[in-house]
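In my numbering, the protein residues as written are 647 to 893. Each remark here refers to the structure printed beneath this line.
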Amino acid sequence: MGPALTEQLYLLGAENKLVGVTTYCQRPVDAQKKEKVGTVLQANLEKVIYLEPDLVLATPLTNLKTIEKLKSLGVEVAILLTARNFSQICEEFLELGRIVGREKMAKEIIRQAKIEVDSLREKVKNLHKVKVFIQIGAKPLFTVTDDSFFNDFIEFAGGINIGHGAKSGIYSREKVLEDNPDVIIIVTMGIVGKEEKEIWRNFETLNAAKNNRIFIVDSDRFCSPTPVSFVQALEEMVKILHSEDEQ
647 MGPALTEQLY
657 LLGAENKLVG
667 VTTYCQRPVD
677 AQKKEKVGTV
687 LQANLEKVIY
697 LEPDLVLATP
707 LTNLKTIEKL
717 KSLGVEVAIL
727 LTARNFSQIC
737 EEFLELGRIV
747 GREKMAKEII
757 RQAKIEVDSL
767 REKVKNLHKV
777 KVFIQIGAKP
787 LFTVTDDSFF
797 NDFIEFAGGI
807 NIGHGAKSGI
817 YSREKVLEDN
827 PDVIIIVTMG
837 IVGKEEKEIW
847 RNFETLNAAK
857 NNRIFIVDSD
867 RFCSPTPVSF
877 VQALEEMVKI
887 LHSEDEQ
């Protein structure tokens, strides 16, 4: 019942056990061939029951009434929490590994991911720390606080998240102008990235606009992290934040 769970099952080599996914489960490509049982929020109960699953993997976004109904029909449901940082991503992945009988493989994947994350952090630790604004919503303008794995992406890559410490992700353009980030990253999560980029480029006093450092990234790569895809996204973040250091 979640794209990240689907990606993780494939990573664990458990895709043959997977009988149904949501319409949002697009990665890897093979997942698109699986039976669709609804959205992240709402499942088609008749379809789920028809597939006769031994277990339904749900997230905190899954409709609670759907979960209760499935349980009342004798279907086992496991709810895996939404990870908010790299450490939790690894913990949740290990739990999933235990559930599907792939704990040893999960541990090895996590071990390698941690080595690569540490290596990337070591690479950037002495580089200039740039101020970063991540945009994940337009109406209202929305960013990421320190209660998000996006904050780990920024800090691990040697940046400063201007949304760190904010009580809410809702942000004003005036506040962004006041904070004057060196880099703006627009995540294509229901946003027309090119339009938002043009809006920011009109603010000529903004460092990110003056230096042409406004970037658009794909939400599929950044918003459904596994230990492996976290490393891949972190590598991309390092390149974005330190492109000037490489020149």
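The C-beta atom is built at its ideal place from N, Cα and C for all residues, glycine as well.
**OP:** Measure from the alpha carbon of ALA704 to the alpha carbon of each residue in LEU691, VAL686, LYS715, then state which is nearest.
**Re:** Residue mapping note: residue 704 aligns to position 58 of the sequence shown, counting from 1. If we check each option's Cα against that of ALA704, VAL686 comes out closest.
**OP:** Assuming PHE779 contacts VAL833 (C-beta within less than 8 Å), just tell me the rounded distance between them.
**Re:** Reading the sequence shown from its first residue, position 133 is the one you call residue 779. Reading the sequence shown from its first residue, position 187 is the one you call residue 833. At roughly 11 Å, the Cβ-Cβ gap does not stay under 8 Å, so PHE779 and VAL833 are not in contact.
Original post:
Helix, strand or coil: how does DSSP classify LEU664 here?
Top reply: On the sequence shown, residue 664 is found 18 positions in, with the first residue counted as 1. In this structure, LEU664 counts as coil in the three-state DSSP scheme.
Original post:
Residues in its own chain within less than 7 Å of PHE802 by CB, not counting five upstream and five downstream?
Top reply: What you label residue 802 is simply residue 156 of the sequence shown in a count that begins at 1. Around PHE802: VAL763, LEU766, ARG767, LEU880.
**OP:** Classify GLY839 as helix, strand or coil using the three-state DSSP reduction.
**Re:** The residue labelled residue 839 in the question sits at position 193 within the sequence shown. GLY839 sits in a helix when the DSSP states are folded into three classes.
Original post:
Since ALA854 and ASP828 are thought to touch, with beta carbons under 8 Å apart, how far apart are those beta carbons, to the nearest angstrom?
Top reply: Translated into the one-based positions of the sequence shown, residue 854 becomes position 208. Translated into the one-based positions of the sequence shown, residue 828 becomes position 182. Indeed they touch by this definition, with Cβ atoms about 6 Å apart.
**OP:** Please determine, among GLN688, GLU692, PRO699, the residue with the shortest C-alpha to C-alpha distance to LEU710.
**Re:** Walking along the sequence shown from the start, residue 710 turns up at place 64. Closest option to LEU710, Cα to Cα, is GLN688.
Original post:
Does the segment 862-881 touch the segment 649-662, meaning 3 or more C-beta pairs lie closer than 8 Å?
Top reply: yes
**OP:** Measure the Cβ-Cβ separation of GLY659 and GLU681 and say whether it is below 7 Å.
**Re:** Counting from 1 along the sequence shown, the entry for residue 659 is found at position 13. Counting from 1 along the sequence shown, the entry for residue 681 is found at position 35. Cβ atoms of GLY659 and GLU681: not closer than 7 Å.
Subject >> Simplified DSSP assignment, three categories, for GLU892 >> reply: What you label residue 892 is simply residue 246 of the sequence shown in a count that begins at 1. Note that GLU892 has pLDDT 49, beneath the 50 cutoff, so the model's placement of it is unreliable and no number is given.
**OP:** Report yes or no: is there a C-beta of chain B within less than 7 Å of the C-beta of LEU887?
**Re:** In summary, chain B is missing from the structure at hand, where a single protein chain is found.
Subject >> Alpha-carbon to alpha-carbon, ALA752 and SER706 >> reply: As a position in the sequence shown, residue 706 is number 60, starting the count at 1. As a position in the sequence shown, residue 752 is number 106, starting the count at 1. One point to set straight first is that residue 706 is Pro, not Ser, in the sequence displayed. Their backbone Cα atoms lie some 22 Å apart in a straight line.
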